[in-house]
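For the sequence shown, the numbering used here gives the first residue as 17, with consecutive numbering after it.
The C-beta atom is built at its ideal place from N, Cα and C for all residues, glycine as well.
Taking it in order: structure first as structure tokens, then the write-up.
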Amino acid sequence: MTTDVTDSSRNLERFSANLARIEELTQRLIAALQQKKGHTPALDAPGQELYGKAMTAFLSEAMTNPARLLEQQVAFWGKSLEHYVEMQKALAGQPVETEADPGPKDRRFSNPLWDSNPYFNFIKRQYQTNVAAMEQAVEGLEGLEPGDKRRVGYFTRQIIDMLAPTNFLATNPDALERAVATEGESLVKGLENLVRDVEANRGDLLVTLADREAFTLGVNIGTTEGAVVYRNRMLELIQYKPTTETVHNIPLLIFPPWINKFYILDLKPANSLIKWIVDQGFTLFVVSWKNPDASYAAVGMDDYVEDGYLAAIEQVKQIAGTDKVNAVGYCIAGTTLTATLGLMQKRGDKSVNAATFFTTLTDFSDPGEIGVFLDDDFVDGIEETVKRDGYLDKFFMSRTFSFLRANDLVYSPAIRSYMLGEAPPAFDLLYWNGDGTNLPGRMCVEYLRQLCQQNRLIEPGFDICGERVSVKDVRVPVCAIACETDHIAPWKSSFNGFRQFGSRQKTFILSESGHIAGIVNPPGKDKYGHYTNEGPMRSAEEWKEGAGYHKGSWWPRWRDWLAGKSGRMVPARPLGDSRHKVLAPAPGTYVAETPAP
Numbered sequence: 017m018t019t020d021v022t023d024s025s026r027n028l029e030r031f032s033a034n035l036a037r038i039e040e041l042t043q044r045l046i047a048a049l050q051q052k053k054g055h056t057p058a059l060d061a062p063g064q065e066l067y068g069k070a071m072t073a074f075l076s077e078a079m080t081n082p083a084r085l086l087e088q089q090v091a092f093w094g095k096s097l098e099h100y101v102e103m104q105k106a107l108a109g110q111p112v113e114t115e116a117d118p119g120p121k122d123r124r125f126s127n128p129l130w131d132s133n134p135y136f137n138f139i140k141r142q143y144q145t146n147v148a149a150m151e152q153a154v155e156g157l158e159g160l161e162p163g164d165k166r167r168v169g170y171f172t173r174q175i176i177d178m179l180a181p182t183n184f185l186a187t188n189p190d191a192l193e194r195a196v197a198t199e200g201e202s203l204v205k206g207l208e209n210l211v212r213d214v215e216a217n218r219g220d221l222l223v224t225l226a227d228r229e230a231f232t233l234g235v236n237i238g239t240t241e242g243a244v245v246y247r248n249r250m251l252e253l254i255q256y257k258p259t260t261e262t263v264h265n266i267p268l269l270i271f272p273p274w275i276n277k278f279y280i281l282d283l284k285p286a287n288s289l290i291k292w293i294v295d296q297g298f299t300l301f302v303v304s305w306k307n308p309d310a311s312y313a314a315v316g317m318d319d320y321v322e323d324g325y326l327a328a329i330e331q332v333k334q335i336a337g338t339d340k341v342n343a344v345g346y347c348i349a350g351t352t353l354t355a356t357l358g359l360m361q362k363r364g365d366k367s368v369n370a371a372t373f374f375t376t377l378t379d380f381s382d383p384g385e386i387g388v389f390l391d392d393d394f395v396d397g398i399e400e401t402v403k404r405d406g407y408l409d410k411f412f413m414s415r416t417f418s419f420l421r422a423n424d425l426v427y428s429p430a431i432r433s434y435m436l437g438e439a440p441p442a443f444d445l446l447y448w449n450g451d452g453t454n455l456p457g458r459m460c461v462e463y464l465r466q467l468c469q470q471n472r473l474i475e476p477g478f479d480i481c482g483e484r485v486s487v488k489d490v491r492v493p494v495c496a497i498a499c500e501t502d503h504i505a506p507w508k509s510s511f512n513g514f515r516q517f518g519s520r521q522k523t524f525i526l527s528e529s530g531h532i533a534g535i536v537n538p539p540g541k542d543k544y545g546h547y548t549n550e551g552p553m554r555s556a557e558e559w560k561e562g563a564g565y566h567k568g569s570w571w572p573r574w575r576d577w578l579a580g581k582s583g584r585m586v587p588a589r590p591l592g593d594s595r596h597k598v599l600a601p602a603p604g605t606y607v608a609e610t611p612a613p
């Protein structure tokens with residue numbers, strides 16, 4: 017009896033403590049939500065025109081083919097009634113044989129209760145039926161332009177993923193089991209995590225994907241030895257310390273994208289492309305871009321080319337004592353490198369000997385999944401926002417890319433954090449993913465309007481620094497690496513732009529996996545292979561059909577290509593020179609900056 021009283025007393029104390037914590041956290045959450053800065057509603061959803069087109073198409077289909085619509089509805093309601101009857105039988109203890117789950121196993125429904133418990137099984141099966149009905153309805157829409165149909169399908173999928181039963185406490189067995197086992201402690205911790213994220217994002221909600229305290233730049237991430245040897249308002253130029261006695265004469269300069277930070281190429285020694293390149297005997301320089309604030313509102317593509325690309329190329333030439341460099345552009349930096357090479361061709365500047373492009377789009381006629389955000393409704397909203405603020409806050413870019421993989425980057429992390437009360441994992445890739453950057457207002461609009469929407473690098477040409485350039489103006493030897501499942505720069509679109517380059521020497525490599533994993537794919541693990549084809553580049557489909565598959569990383573193949581474009585071996589170079597003093601150790605200072613809102 018005494019033990020029972022003691023346990024009850026302890027449980028009551030714990031319950032009272034949890035209630036007090038919930039009250040405190042609720043007040044903090046309210047205060048955090050009040051900090052939310054108003055932004056253009058157009059950034060949150062597609063314009064009303066898309067809804068109107070979808071409804072018009074649906075009504076038109078209902079009027080012209082009512083039999084098919086009726087057939088679909090009868091099948092839907094029949095399946096729903098069947099699920100209900102089977103649940104009632106199961107609750108009454110009668111044996112019920114249910115259908116196997118359609119399609120591949122859904123990780124969201126891995127808890128055995130989704131199959132063994134009548135309540136959860138009914139919810140799961142009805143959700144799957146609802147999903148099938150919605151997908152069938154969208155697929156059956158006629159009279160929509162392909163782009164509009166793709167957008168309707170994408171945003172329908174967003175609704176489907178958002179309404180999954182796993183996203184709600186009352187219909188998530190994992191969360192309920194954890195809450196019972198911890199006497200509600202998991203829900204209190206989940207509320208703490210929610211408040212933390214809302215406070216960190218000034219009233220907006222963005223799920224923390226990785227433990228922000230687990231990594232320190234230059235200590236356990238971004239640790240390859242080097243130094244900042246040049247700095248201007250746009251960039252820091254990092255030179256990496258050689259690890260070989262001799263190096264190739266022509267140095268290599270990497271331009272990473274400025275929509276995120278360069279250290280994705282230097283997460284840790286085992287998968288660092290930066291360290292690997294240095295170890296192969298190349299003098300390596302990497303640009304670290306400035307994270308802009310409102311004072312950069314007027315910075316445009318011209319500034320990125322003149323004060324970014326051309327300035328960095330000139331400084332590398334001076335430090336290395338060469339008249340040429342080899343260049344790499346990753347993603348948006350590859351698109352801009354294309355424009356830069358076209359400009360240099362027009363100016364007669366032969367400073368770039370050869371160029372490599374990682375997951376780069378230059379032909380935006382089919383931009384893939386990201387294209388659903390490139391119509392005027394969203395771009396108009398972005399333009400209105402940057403006119404007011406001077407820049408596009410990193411929050412919007414991070415949210416957009418996360419919702420391209422909503423289940424993996426939004427809902428699953430949110431469930432673990434807010435429902436299960438788990439701390440974010442110490443995962444370097446996810447840490448980097450959450451370490452975003454802002455975009456200057458003018459540059460953002462120029463890129464979206466002229467390159468993404470108007471596709472001016474293909475036709476009629478992109479105006480940059482007083483010249484009009486296109487992909488045909490790129491004449492240097494080039495190599496492109498695209499990734500087979502890339503959802504940001506689809507490989508076929510990357511191929512279609514690359515094949516139109518004016519270069520006589522074009523090498524295309526297709527890596528397995530996606531935008532990041534396909535590039536950060538070190539030798540030795542043999543996790544992802546790659547494809548090559550030295551034949552004509554007439555179409556992506558024909559190229560892939562005739563390509564040979566190679567097990568393992570593409571890095572060594574690219575190294576051999578690059579070595580053939582990098583000249584003789586010379587003694588390894590020190591960091592900087594008499595005119596380029598060491599300003600800071602790598603990874604520099606710009607990479608750690610987080611501008612105040």
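(request) Identify, in the order they occur along the chain, each residue of the same chain with its Cβ nearer than 7 Å to the Cβ of MET71, setting aside the five sequence neighbours on each side. (result) There are no such residues.
(message) Measuring only the C-alpha atoms, how far is GLY452 from ARG84?
(response) Between GLY452 and ARG84, the C-alpha separation is close to 47 Å.
(request) Could you check which residue in MET250, LEU253, ASP60, VAL492 has the C-alpha nearest to that of THR372? (result) Considering only MET250, LEU253, ASP60, VAL492, the residue with the shortest C-alpha distance to THR372 is VAL492.
(request) Assuming ALA180 and TYR135 form a contact by the criterion Cβ under 8 Å, report the distance between their Cβ atoms to the nearest whole angstrom. (result) Not quite, the Cβ-Cβ distance comes to about 16 Å (not below 8 Å), so this is no contact.
(message) Does the structure place the segment 350-360 close enough to the segment 479-491 that three or more beta carbon pairs sit under 8 Å?
(response) Taking a cut-off of 8 Å on C-beta distances, the segment 479-491 touches the segment 350-360, as three or more cross pairs fall below it.
(message) For ARG584 and TRP274, what's the separation of their Cα atoms in angstroms?
(response) Distance between the alpha carbons of ARG584 and TRP274: 32 Å.
(message) In the DSSP output, which residue or residues are listed as bridge partners for TYR407?
(response) TYR407 has PRO456 as its beta-bridge partners, per DSSP.
(request) Give a yes or no on whether the C-beta atoms belonging to ASP444 and LEU283 are separated by under 9 Å. (result) Yes, the Cβ-Cβ distance between ASP444 and LEU283 is below 9 Å.
(message) Taking the alpha carbon of ARG37 as the reference point, which residue from LEU207, TYR407, PRO590 has its own alpha carbon closest?
(response) The shortest Cα separation from ARG37 among LEU207, TYR407, PRO590 belongs to LEU207.
(message) Using C-beta distances below 6 Å, list every residue in its chain close to ALA230, excluding the 5 sequence neighbours before and after it, in chain order.
(response) Result list for ALA230: ALA442, in chain order.
(request) Report back the beta-carbon spacing between SER510 and LEU420 to the nearest angstrom; my notes put them in contact at under 8 Å. (result) Contact annotation, SER510 with LEU420: C-beta distance approximately 17 Å; criterion of less than 8 Å not satisfied.
(message) Considering only their Cβ atoms, is the gap separating THR375 from GLY545 smaller than 9 Å?
(response) Taking 9 Å as the Cβ cut-off, GLY545 and THR375 do not qualify as a contacting pair.
(request) Go ahead and pull the three-state DSSP assignment for ALA197. (result) It is helical.
(request) Output the distance between the C-alpha atoms of ASP318 and VAL344, rounded to the nearest integer angstrom. (result) The alpha-carbon of ASP318 is positioned some 19 Å away from that of VAL344.
(request) Can you grab the Cα-Cα spacing for the pair GLU500 / GLU201, in whole Å? (result) Their Cα atoms are separated by approximately 43 Å.
(request) Just tell me which of GLN334, LYS277, SER555 has its CA closest to the CA of TYR246. (result) Of the listed residues, the one whose Cα sits closest to TYR246 is GLN334.
(request) Figure out for me which residue from PRO62, GLU151, ALA310, GLU155 has the closest Cα to the Cα of VAL402. (result) For the residues PRO62, GLU151, ALA310, GLU155, the minimum Cα distance to VAL402 belongs to ALA310.
(request) Pick helix, strand or coil for ILE504, following the three-state DSSP scheme. (result) Three-state DSSP puts ILE504 in coil, outside helix and strand.
(request) Determine the extent of the alpha helix (DSSP H) in which TYR170 is found, giving its start and end residues. (result) Where TYR170 is concerned, the enclosing alpha helix (DSSP H) stretches over 162-178.
(request) Leaving aside the five residues before and after PHE74 along the sequence, list all residues of the same chain whose C-beta is less than 8 Å from its C-beta, in chain order. (result) For PHE74, where only same-chain residues beyond five positions count, the Cβ hits under 8 Å are ALA153, LEU157.
(request) Pull up the DSSP beta-bridge partners for GLN521, would you. (result) Paired residues: none, contrary to the question.
(message) Quick check on the DSSP output: the alpha helix (DSSP H) that includes TYR544 runs from which residue to which?
(response) Premise fails: TYR544 is in no alpha helix (DSSP H) and is neither H nor E.
(request) Look at the Cβ atom of ILE224, then the Cβ atom of ARG212, and state whether they are nearer than 9 Å. (result) Per the sequence presented here, residue 224 reads as Thr, with Ile not at that position. The Cβ atoms of THR224 and ARG212 sit closer than 9 Å to each other.
(request) Mind reading off the beta-carbon distance from GLY234 to ALA313? Whole number of angstroms is fine, and I expect it under 8 Å. (result) Contact doesn't hold; Cβ gap of about 30 Å is too wide.
(request) On a CA-only basis, which of ASN137, LEU210, ASP593 is nearest PRO189? Give me that one, please. (result) The candidate whose alpha carbon is nearest that of PRO189 is ASN137.
(request) Identify every residue that forms a DSSP beta bridge with VAL302. (result) Residue pairing by DSSP puts VAL302 in a beta bridge opposite ILE254, ILE270.
(message) Going by DSSP, what residue range makes up the alpha helix (DSSP H) through TYR67?
(response) Run containing TYR67: 64-80, per the alpha helix (DSSP H) assignment.
(request) Taking all protein chains shown into account, decide if GLN521 is buried (16 or more other Cβ within 10 angstroms of its Cβ) or exposed. (result) Exposed, by the Cβ-count rule.
(request) Could you check what DSSP says for SER509 in three-state terms: helix, strand or coil? (result) Of the three classes helix, strand and coil, the one that applies to SER509 here is helix, per DSSP.
(request) Select from LYS567, LYS581, LEU35 the residue whose C-alpha is nearest the C-alpha of LYS340. (result) When only C-alpha atoms are compared, the closest one is LYS581.
(request) Consult DSSP for CYS347 and reduce its assignment to one of helix, strand or coil. (result) Here CYS347 sits in coil by DSSP.
(message) Tell me which residue opens and which closes the beta strand (DSSP E) that PRO587 is part of.
(response) DSSP places PRO587 inside the beta strand (DSSP E), whose first and last residues are 585-587.
(request) Return the CA-CA distance between GLU252 and GLY242, expressed in angstroms with no decimal places. (result) Cα to Cα, GLU252 sits roughly 12 Å from GLY242.
(request) Would you identify the three-state DSSP class for ASN183, choosing helix, strand or coil? (result) Looking at ASN183 - three-state DSSP - the assignment turns out to be helix.
(request) Could you say which of VAL263, VAL294, LEU464 lies nearest to GLY316 if we only look at CA atoms? (result) Comparing Cα-Cα distances from GLY316 to each of VAL263, VAL294, LEU464, the minimum goes to LEU464.
(request) Would you identify the three-state DSSP class for ARG484, choosing helix, strand or coil? (result) In this structure, ARG484 counts as strand in the three-state DSSP scheme.
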